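Engineer:
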Amino acid sequence: MSDQAANADPSVEQQLVAYLDGELDAEASRQIEELLATDPRLREHLQCLDHTWELLSELDTSQVAEQFTHSTLEMVTSAAVEEAEHGRREAPRRRRRNWLLAGGGLAAAAVAGFLAVALLRPDPNRQLLRDLPVLEKLDQYREIDDLGFLRALRDEVLFAEEQSDGKQ
Amino acid sequence: MRLMLQVRDGEAAAFEQLVLRYQTRLVNVLEHLVGNRDQAEDLTQEVFLRVYRARKHYRVEAKFSTWLFTIANNLASNALRSRQRRREVNLQPRDSGATSARPLDLIIQASSGQMPARQLDKAEMRDIVRMAVGELNERQRMAVLLSKFEGMSYADIAETMDLSPQAIKSLLSRARVNLREVLEPYFQHGRRPAAENGRNETSDFRE
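From first to last, the protein sequence lines stand for chains A and B.
The first sequence begins at 21 in this note's numbering and counts up by one.
The second sequence begins at 510 in this note's numbering and counts up by one.
Written out as structure tokens, the structure is:
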């Protein structure tokens, strides 16, 4: 009865088993059915596979005893009680940890805020430093009303001995 | 799944319902997997304990039976590996003259003196089928048990065993061919095969 052809081709074997298990799509099922229709040895092989599968129903499937259910539930109840005890013991520690974390978070936020303000707020001293060249000659500049006139004077190079860096 | 969500939310009665619904199925699958009823019951209780401890992590989109049998499969694998390690440590020297036949072959040999056309009774058939399943490797056996007794699809078995559906397809195919080779002589006529047609002791199951 052994079907050497089917046994030698693992892909056909897989398709046959998948067909028996209802795992093939419509197209693959159609292909297997076509093969089966034309090959009596394959049909016989399929029947053997199916029959073997049915024999597995002979395996024991006995019910568990009531005592088993009781002991399972007792075991889980003990685990639940242990879990609750552990939670109660851990609660004060968890609270302390949470307070510390909250405090640490607040401190970190305060420092970050301070740094942000310090970096982003305009520094009046920096402004003054930038304006220092003007401030040094403010009295002279006050004598001249027109900025364009100053630029014209600069372009005429009348004061060539005075370079931009103030060197003579 | 609804029950497991209730367990997740702390309902003790729901957990009891889960135990009642799945305990027999788990024990039977595990028994055929590890080959020992007592150990199967211990493992089943361990499964339920782990389910309880992990209840808060249960995801709604996960199928409960797949999750349950994934835990069972992992525990069974660990148990079998431990047993294998203990067996390696406790190796007895083989008697070179004695047969190294598998248990199934011993059953055949033991009965070879009886009338070859004797009808098998139910208990004998059950023993033979159990032995045949026991001869499969661990993965083939688990796939067969989940497919046959839990009616799982290839996709669900794949998820349970952390394999691809194609790997499951291949596993089940090889397993069923192996089972057919062993059991075919028995279901051909419902009789034990004659001694002169007995199986070759050295034939290897396809892996």
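Note that beta-carbon positions come from the ideal geometry of N, C-alpha and C, so glycine has one too.
On a predicted model such as this, the values are computed, not experimentally measured, just so you know.
Of all Cβ atoms in chain B, is any one closer than 8 angstroms to the Cβ of Leu-93/A?
Structural biologist: Closer than 8 angstroms to some Cβ of chain B, the Cβ of Leu-93/A qualifies, so yes.
Engineer: Under a three-way DSSP split, which group does Gln-83/A fall into?
Structural biologist: In the structure shown, Gln-83/A sits in coil (DSSP, three-state: anything other than H, G, I, E or B).
Engineer: So what does DSSP say about Tyr-567/B, is it helix, strand or coil?
Structural biologist: coil
Engineer: Within the chosen definition, does the stretch 674 to 693 of chain B reach the stretch 56 to 75 of chain A through at least 3 CB pairs nearer than 8 angstroms?
Structural biologist: Touching, yes, given that three or more Cβ pairs across the two stretches are closer than 8 angstroms.
Engineer: Does the beta carbon of Val-37/A sit closer than 8 angstroms to a beta carbon anywhere in chain B?
Structural biologist: yes
Engineer: Could you spell out the range, first to last residue, of the alpha helix (DSSP H) harbouring Ile-637/B?
Structural biologist: 631 to 643
Engineer: Tell me where the alpha helix (DSSP H) around Asp-159/A begins and ends.
Structural biologist: Membership of Asp-159/A in the alpha helix (DSSP H) is indicated by the continuous run 158 to 163.
Engineer: Have a look at Glu-525/B, Arg-650/B, Met-510/B and flag the residue whose alpha-carbon is nearest the alpha-carbon of Ser-679/B.
Structural biologist: Arg-650/B
Engineer: By Cβ distance, which residues of its chain are closer than 7 angstroms to Ala-585/B, with the 5 residues on each side in sequence left out?
Structural biologist: Leu-539, Leu-542, Val-543, Leu-552
Engineer: How many Å lie between Asn-118/A and Ala-111/A at the Cα?
Structural biologist: 10 angstroms
Engineer: Counting beta carbon pairs with one atom in the stretch 558 to 568 of chain B and one in the stretch 510 to 522 of chain B, are three or more of them shorter than 8 angstroms?
Structural biologist: yes
Engineer: Please classify Gly-123/A: does DSSP put it in a helix, a strand, or coil?
Structural biologist: Residue state for Gly-123/A is assigned as helix, using DSSP reduced to three classes.
Engineer: Would you mind stating whether Gln-35/A and Ala-48/A have Cβ atoms separated by less than 8 angstroms?
Structural biologist: yes
Engineer: Output yes if chain A places a C-beta closer than 8 angstroms to the C-beta of Thr-566/B; else output no.
Structural biologist: What sits at residue 566/B in the sequence shown is His, not Thr. Judged by the 8 angstroms Cβ criterion, His-566/B is not in contact with chain A.
Engineer: Grab me the residues of Ile-580/B's own chain with a C-beta within less than 6 angstroms of its C-beta, minus the 5 sequence neighbours each way, in chain order.
Structural biologist: Val-556, Arg-559
Engineer: With a cut-off of 8 angstroms on the beta carbons, I'd call Asn-582/B and Thr-669/B a contact; round off their distance for me.
Structural biologist: Asn-582/B to Thr-669/B, Cβ: 6 angstroms. Contact.
Engineer: Restricting to Cα atoms, I'd like to know which of Met-95/A, Asp-151/A, Gln-83/A is closest to Thr-533/B.
Structural biologist: Of Met-95/A, Asp-151/A, Gln-83/A, the residue nearest in Cα terms is Gln-83/A.
Engineer: Give the residues of chain B in contact with Gln-34/A, contact being defined as C-beta atoms less than 7 angstroms apart.
Structural biologist: The contacting residues are Lys-678, Ser-679, Ser-682.
Engineer: Enumerate in chain order the residues of its own chain whose CB-to-CB distance from Trp-170/A is below 7 angstroms, with the five nearest sequence positions on each side excluded.
Structural biologist: Residue 170/A is actually Leu in this sequence, not Trp. Here the set comprises Ile-164.
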